[in-house]
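Colleague: Take a look at this one; I'll ask things after.
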């Protein structure tokens, strides 16, 4: 089964403290004719040789993000009128029966967060799951992979925006905003905060592909870091860091969940991800707005995206049981766990029709763009996750082509032209090996009914071990019943604990031996070191 996809709509859902609008731009013949001069100029610009300068610093994340990123294979084509081939295959998806019921997903996520994802409690809900035969992208077809990657790239395209457009002439308000005299200036700057989705529809009107925009600055001319870059970075740092992007004391965190050294409030993190001004809620609203036009009961809906857009596509796909193809996305398994996304019982995560396309020379996808001196940290990004859900389809360009790990290899243009098209076959897709992010962090809750996990040992303090000869014996004696004091038949129990030796009973206070990095491996008393020397 094959078909052709065309760009039909651009949806935008604003986020932030102010109530800004959700809007839709329809790519009609009238719209294309109105902005013909802009599209002619854009097409000519994209037809020029690659705009990456020789002196671009590959270790400067912002500079890499701000380069032109339209793939060479489509050079000279208009991103707004391009036609893309696609092949489909059949699959079975196990998903929630009530997933399209208004407010059902929101109420489930709210409840799951309130009980901290307790499986025993969630199982009492008895969610109804249904197996449905659906059409999914043919992952073994190279042209289909290139098409989905192009849609991910297309989501970065900045649409024409002149003074008339700023007054939303071409855009349709689709809820979430009502103009009034106090907010008459809300038309300006609305496109600078929020999330954007480019919607491609097949010529037979049966297949809908949503391309979720990734971090700003990673795209085409005009899509620089001043577009939504600040908001994108905030959500990057919330989704892909261990604790609110707390890397060091000089960092400004994106939330207030950090408590102590390598200690973070789990409840706080989960609530932050579900806030209305965060991108997960924005991508849910985008999906609702799109399905108003294209009901999921009548259309096959797929989701794709690059980088941040790919991770959001994966989270959306897991929520509603949609096929997803993500490109070079940071690890989103940790965010999926914190959101407590619904998961069909008995179905492994890798069978959820989610595919992650990546390459071994991309430090962000591989989860190695972290550490104090890393390029991501220098640019203000805390990319600390490496674990993905679903299938992993990884091109080993380091071994096969001799590439080195470099941020330039994260760009969608590089993925299309120099990775996917450079191989004869598509990458083999495998299950994610056992993986755990942020293993050195302690995530605490503050329930009144249960204790927090025990604190991690402090290498600078004595361990609560017993000293020499401090074996404790506990003796229990029962006093006879005294009818004159207390109730009849009452037995008074008394417990006495005495050491069997005259050795000190306090814990040892001196470290006798440390490792090279300062961890104490042997504790003792003041005179123990001399005793050991005499024994030698």
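In the UniProt record's numbering, the protein residues as written are 1 to 536.
Quick reminder that beta carbons are idealized off the backbone N, C-alpha and C, glycines included.
To which residues does DSSP link residue 201 through a beta bridge?
Modeller: Per DSSP, 6, 208.
Colleague: For the beta strand (DSSP E) that contains residue 22, what are its first and last residues?
Modeller: Unbroken beta strand (DSSP E) run through residue 22: 22–26.
Colleague: Among the residues of its own chain, which have a CB less than 6 Å from the CB of residue 438, if the five just before and after it don't count?
Modeller: Excluding positions up to five away in sequence, the list reads 242.
Colleague: Report all residues from its chain with a CB closer than 6 Å to the CB of residue 297; omit the five preceding and five following residues, and keep chain order.
Modeller: Around residue 297: no qualifying Cβ.
Colleague: For residue 357, write down the residues that DSSP places opposite it in a beta bridge.
Modeller: Answer is 327, 393, bridged to residue 357.
Colleague: Do you know offhand how far residue 444's Cα is from residue 339's?
Modeller: Cα to Cα, residue 444 sits roughly 16 Å from residue 339.
Colleague: Whose CA, out of 77, 291, 70, 305, lies closest to the CA of residue 40?
Modeller: Among 77, 291, 70, 305, the Cα nearest to that of residue 40 is on 77.
Colleague: If you compare alpha carbons, which of 244, 272, 273 is closest to residue 576?
Modeller: Coverage of the chain is limited to positions 1 through 536, which leaves residue 576 absent and any answer about it impossible.
Colleague: Quick check on the DSSP output: the beta strand (DSSP E) that includes residue 435 runs from which residue to which?
Modeller: Taken as a continuous stretch (DSSP letters only), residue 435 belongs to no beta strand (DSSP E), as it is neither H nor E.
Colleague: Go through its chain and collect everything with a Cβ distance to residue 286's Cβ below 7 Å, but skip five positions before and after it.
Modeller: These residues qualify, in order along the chain: 11, 13, 195, 197.
Colleague: Whose C-alpha, out of 326, 79, 128, 211, is nearest the C-alpha of residue 541?
Modeller: Residue 541 lies beyond the range of the chain shown here (1 to 536); nothing can be said about it.
Colleague: Taking all protein chains shown into account, decide if residue 48 is buried (16 or more other Cβ within 10 angstroms of its Cβ) or exposed.
Modeller: Exposed, by the Cβ-count rule.
Colleague: Note down the Cα distance separating residue 326 from residue 258, rounded to an integer number of angstroms.
Modeller: Roughly 30 Å between the two C-alpha positions.
Colleague: Could you spell out the range, first to last residue, of the alpha helix (DSSP H) harbouring residue 146?
Modeller: Looking at the DSSP string, the run of the alpha helix (DSSP H) that includes residue 146 is 142–154.
Colleague: Taking the straight line between their C-alpha atoms, what separation do you get for residue 335 and residue 37?
Modeller: Rounded to whole angstroms, residue 335 to residue 37 spans 43 Å at the Cα level.
Colleague: When you compare only the Cα positions, how much space is there between residue 434 and residue 389?
Modeller: Their Cα atoms are separated by approximately 11 Å.
Colleague: So which of 423, 512, 523 has the shortest CA-CA distance to residue 140?
Modeller: When each option's Cα is compared against that of residue 140, the closest is 423.
Colleague: Since residue 310 and residue 99 should fall inside the 8 Å C-beta cutoff, what is the C-beta to C-beta distance between them, to a whole number of angstroms?
Modeller: Contact doesn't hold; Cβ gap of about 21 Å is too wide.
Colleague: Measuring only the C-alpha atoms, how far is residue 289 from residue 402?
Modeller: Computed Cα separation, rounded: 45 Å.
Colleague: DSSP on residue 89, reduced to helix/strand/coil?
Modeller: Residue state, collapsed to three classes: strand.
Colleague: Whether or not the stretch 396–415 and the stretch 347–366 are in contact is what I'm after, with contact meaning three or more pairs of Cβ atoms, one per stretch, closer than 8 Å; do they touch?
Modeller: Yes, the stretch 347–366 is in contact with the stretch 396–415.
Colleague: Mind checking who residue 133 pairs with in its DSSP beta bridge?
Modeller: In the DSSP output, where bridge partners are listed per residue, residue 133 has 92.
Colleague: Going by the DSSP bridge assignment, what does residue 443 pair with across the sheet?
Modeller: Note: residue 443 sits in a beta bridge opposite 264.
Colleague: Helix, strand or coil, according to DSSP, for residue 460 in the structure here?
Modeller: Because residue 460 carries a pLDDT of 46, less than 50, the predicted location of this residue cannot be relied on, and no value is offered for it.
Colleague: Hey, could you find the ends of the beta strand (DSSP E) residue 303 is sitting in?
Modeller: Taken as a continuous stretch (DSSP letters only), the beta strand (DSSP E) holding residue 303 covers 300–306.
Colleague: When we look at the beta-carbon of residue 354 and count the other beta-carbons within 10 Å, is it buried (16 or more) or exposed?
Modeller: The residue in question, residue 354, is buried, as its Cβ has 16 or more Cβ neighbours within 10 Å.
Colleague: Hey, residue 102 and residue 240: beta-carbon distance below 7 Å or not?
Modeller: Contact flag unset, no.
Colleague: Are residue 236 and residue 216 close, meaning C-beta to C-beta below 7 Å?
Modeller: Contact flag unset, no.
Colleague: Out of 263, 269, 248, 265, point me to the one whose CA is closest to residue 238's CA.
Modeller: Measuring from the Cα of residue 238, the nearest candidate turns out to be 269.
Colleague: Please name the residue or residues paired with residue 258 in a DSSP beta bridge.
Modeller: Note: residue 258 sits in a beta bridge opposite 264.
Colleague: Could you give the first and the last residue of the continuous alpha helix (DSSP H) run that contains residue 104?
Modeller: That run of the alpha helix (DSSP H) goes 104–114.
Colleague: Could you compute how far the alpha carbon of residue 376 sits from the alpha carbon of residue 150?
Modeller: Each residue's Cα considered, the two are about 25 Å apart.
Colleague: I believe residue 116 touches residue 155 by the beta-carbon criterion, under 8 Å. Please report the beta-carbon distance rounded to the nearest angstrom.
Modeller: Their Cβ separation, rounded to whole angstroms, is 34 Å, which puts residue 116 and residue 155 out of contact at 8 Å.
Colleague: Report yes if the CB atom of residue 429 is closer than 7 Å to the CB atom of residue 393, and no otherwise.
Modeller: Yes.
Colleague: Do residue 42 and residue 70 have their C-beta atoms closer together than 7 Å?
Modeller: Their beta carbons are not under 7 Å apart, which means residue 42 does not touch residue 70 by this criterion.
Colleague: Could you give the DSSP three-state label for residue 338: helix, strand or coil?
Modeller: Reduced to three states, the DSSP call for residue 338 is helix.
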